[in-house]
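Plus 49 on top of the position in the sequence shown (first one is 1) and you've got our numbering.
Only one structure is covered here, and it is reproduced in the block below.
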Amino acid sequence: MRQVKMTRLDLESKKAEEILDDIAEEVPLQVTVNGVYSFIIWSSPSQFKELAVGHLYVDDILQAVDEIQAITEDKAKNFCQVTLKPTVDLEERLKNQRKGTRIVPLIKASTSAYQHDDRLAIVQSKLAIKAQVILDAIEQMNTKAKGFKKTGGLHDSGIFKADGTMVAFSEDVGRHNTVDKVIGEGLLNEINFDECFMFITGRVPGDMIYKAAKVGLPIVASVAAVLNSGVASAEKANITLVGFVRGKRMNVYTCRERIQL
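Below, the structure written as structure tokens:
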């Protein structure tokens with residue numbers, strides 16, 4: 050985050066006050082794979098490796114973490130270099146990726162675009178959790194969300210075990226980026242996604258569900274609204290979709306059997 054000068058106007062007292070304000074920061078992160086494939090994601094200046102890994106995995110460029118030979122980041126230059134092992138046919142994967150129908154996300158905080166639902170994975174997890182665990186996850190998210198508290202300009206995502214233990218967390222200016230970051234963190238730390246759920250702070254469209262299905266996350270919950278594409282994708286992917294998690298209530302839109310009272 051950065052501090053900038055601003056003028057606060059108080060219409061009741063008719064006063065103008067010059068103060069410093071904390072604002073969220075975004076940078077153009079350049080990710081390069083094997084020195085031949087490159088793209089830019091506008092993101093918060095943090096967790097570059099996790100963002101790159103999550104993004105590449107969701108976009109079918111990376112199929113497993115052990116395919117990575119090396120990954121380096123230069124935060125000063127907003128750069129992340131991923132080198133895949135020689136056994137990976139990058140050009141073939143790029144060709145296959147281009148064959149899919151691509152849909153541009155509503156918010157272009159990330160250059161990521163999700164594949165049409167003909168590639169949507171079906172989640173097989175039998176995980177069931179207590180509704181209270183989801184409510185408790187909010188408290189953990191609020192504790193970790195220091196950037197949001199200071200700026201009001203960041204989204205958050207977290208991955209939790211069934212007992213409520215947080216195993217991954219991210220903050221970013223883009224809600225899609227936060228999901229890529231926690232997926233990347235989970236992949237790097239070898240998390241069993243089918244035994245976890247994901248909690249996010251933004252709206253839930255179909256591309257969020259696509260990302261969750263890609264790694265086998267059975268439950269996606271949010272404090273915000275869900276979109277029709279999110280519900281349709283969750284139904285097809287066999288993912289439990291929960292929205293408006295607030296106070297002591299939540300709306301379960303799909304696969305209700307995974308949420309216990």
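The C-beta atom is built at its ideal place from N, Cα and C for all residues, glycine as well.
The structure presented is a predicted model; accordingly, all values stated were derived computationally and were not measured.
- Query: Does DSSP put alanine 273 in a helix, a strand or coil?
  - Reply: Working through the sequence shown from its first residue, we reach residue 273 at position 224. Coil at alanine 273, not helix or strand.
- Query: From this set, Asp229, Val253, Val264 and Val228, which residue's C-alpha is nearest phenylalanine 242's C-alpha?
  - Reply: Locating residue 242 in the sequence shown gives position 193, counting from the first residue. The option with the nearest alpha carbon to phenylalanine 242 is Val264.
- Item | Stretch pair the segment 283-301 + the segment 172-189: three plus CB contacts closer than 8 angstroms | yes
- The alpha helix (DSSP H) with glutamine 96 in it runs from where to where? Taking the first residue of the sequence shown as position 1, residue 96 is located at position 47. Segment: none, glutamine 96 is in no alpha helix (DSSP H) and carries neither H nor E.
- Message: Taking the beta carbon of leucine 58 as the centre, do at least 16 other beta carbons fall within 10 Å, making it buried, or is it exposed?
- Response: Start at 1 with the first residue of the sequence shown, and residue 58 comes out as number 9. It is exposed - the Cβ of leucine 58 has fewer than 16 other Cβ atoms within 10 Å.
- State yes or no: is the C-beta of lysine 54 within less than 8 angstroms of the C-beta of leucine 69? The sequence position of residue 54 within the sequence shown is 5, counting from 1. The sequence position of residue 69 within the sequence shown is 20, counting from 1. Yes, Cβ-Cβ distance for lysine 54 and leucine 69 is below 8 angstroms.
- Message: With a threshold of 8 angstroms on Cβ separation, who are the neighbours of glutamine 309 within its own chain once the five nearest residues in sequence on each side are excluded?
- Response: Walking along the sequence shown from the start, residue 309 turns up at place 260. Cβ neighbours of glutamine 309 beyond the five flanking positions: Ala177, Ile178, Lys179 and Ala180.
- How about alanine 261 and valine 272: do their beta carbons lie closer than 8 angstroms? As a position in the sequence shown, residue 261 is number 212, starting the count at 1. As a position in the sequence shown, residue 272 is number 223, starting the count at 1. No, the pair does not count as a contact, with Cβ atoms beyond the cut-off.
- Task: Could you tell me which residues DSSP pairs with proline 267 in its beta bridges?
- Result: One-based indexing of the sequence shown puts residue 267 at position 218. Per DSSP, none; premise fails for proline 267.
- Item | Closest by C-alpha distance to glutamate 239, when choosing among Gln96, Arg307 and Val216 | As a first step, residue 239 must be located in the sequence shown, where it is residue number 190. Among Gln96, Arg307 and Val216, the Cα nearest to that of glutamate 239 is on Val216.
- Query: Since threonine 81 is in the beta strand (DSSP E), which residue starts that stretch and which ends it?
  - Reply: Translated into the one-based positions of the sequence shown, residue 81 becomes position 32. Its beta strand (DSSP E) spans residues 76-82.
- Query: methionine 55 lies in the beta strand (DSSP E); which residues open and close that run?
  - Reply: On the sequence shown, residue 55 is found 6 positions in, with the first residue counted as 1. Here the beta strand (DSSP E) through methionine 55 covers 51-59.
- Query: Is glutamate 67 helix, strand or coil when you go by DSSP?
  - Reply: Within the sequence shown, numbered from 1, the residue matching residue 67 stands at position 18. Strand.
- Taking C-beta to C-beta, are tyrosine 100 and aspartate 229 nearer than 8 angstroms? Looking up residue 100 in the sequence shown gives position 51. Looking up residue 229 in the sequence shown gives position 180. The question names tyrosine, but residue 100 in the sequence shown is leucine. Yes, they are a contact pair.
- Message: Taking a contact to mean a Cβ-Cβ separation below 8 angstroms, would you say glycine 103 touches isoleucine 232 in this structure?
- Response: Taking the first residue of the sequence shown as position 1, residue 103 is located at position 54. Taking the first residue of the sequence shown as position 1, residue 232 is located at position 183. Their beta carbons are under 8 angstroms apart, which means glycine 103 touches isoleucine 232 by this criterion.
- Task: Might you give, ordered along the chain, the residues of its own chain that have their beta carbon closer than 8 angstroms to the beta carbon of glutamine 52, omitting 5 neighbours on each side?
- Result: As a position in the sequence shown, residue 52 is number 3, starting the count at 1. Leu69, Asp70, Asp71 and Ile72, listed in sequence order.
- Item | Anticipated Cβ contact below 8 angstroms, leucine 276 with phenylalanine 246, distance rounded | Walking along the sequence shown from the start, residue 276 turns up at place 227. Walking along the sequence shown from the start, residue 246 turns up at place 197. Leucine 276 to phenylalanine 246, Cβ: 19 angstroms. No contact.
- Message: Check for me: the alpha helix (DSSP H) holding glycine 292 runs from which residue to which?
- Response: Here residue 292 corresponds to residue number 243 of the sequence shown, with the count starting at 1. Glycine 292 -> not in any alpha helix (DSSP H); beta strand (DSSP E) instead, spanning 289-295.
- Message: Let me check one thing: in DSSP terms, what residues is glycine 207 bridge-paired to?
- Response: As a position in the sequence shown, residue 207 is number 158, starting the count at 1. DSSP output for glycine 207 lists Phe218 and Phe248 as bridge partner(s).
- Item | Nonlocal neighbours in the same chain, by C-beta distance under 8 angstroms from leucine 237, ignoring five residues either side | Mapped onto the sequence shown, residue 237 falls at position 188. Hits under 8 angstroms: Lys98, Glu99, Val102 and Val114.
- Task: Just tell me which of Glu220, His225 and Ala286 has its CA closest to the CA of serine 95.
- Result: Sequence index remark: in the sequence shown, residue 95 carries index 46 (1-based). Closest by alpha carbon: Glu220.
- Message: Output needed for valine 76: all residues of its chain with C-beta closer than 8 angstroms, excluding positions within five of it in sequence on either side, in chain order.
- Response: As a first step, residue 76 is located in the sequence shown; it is residue number 27 there, counting from the start. Hits under 8 angstroms: Trp91, Ser92, Ser93, Pro94 and Asn127.
- If you run the structure through DSSP and keep just helix, strand and coil, what is threonine 200? In the sequence shown, the residue the question calls residue 200 occupies position 151. In the structure shown, threonine 200 sits in a helix (DSSP, three-state: H, G or I).
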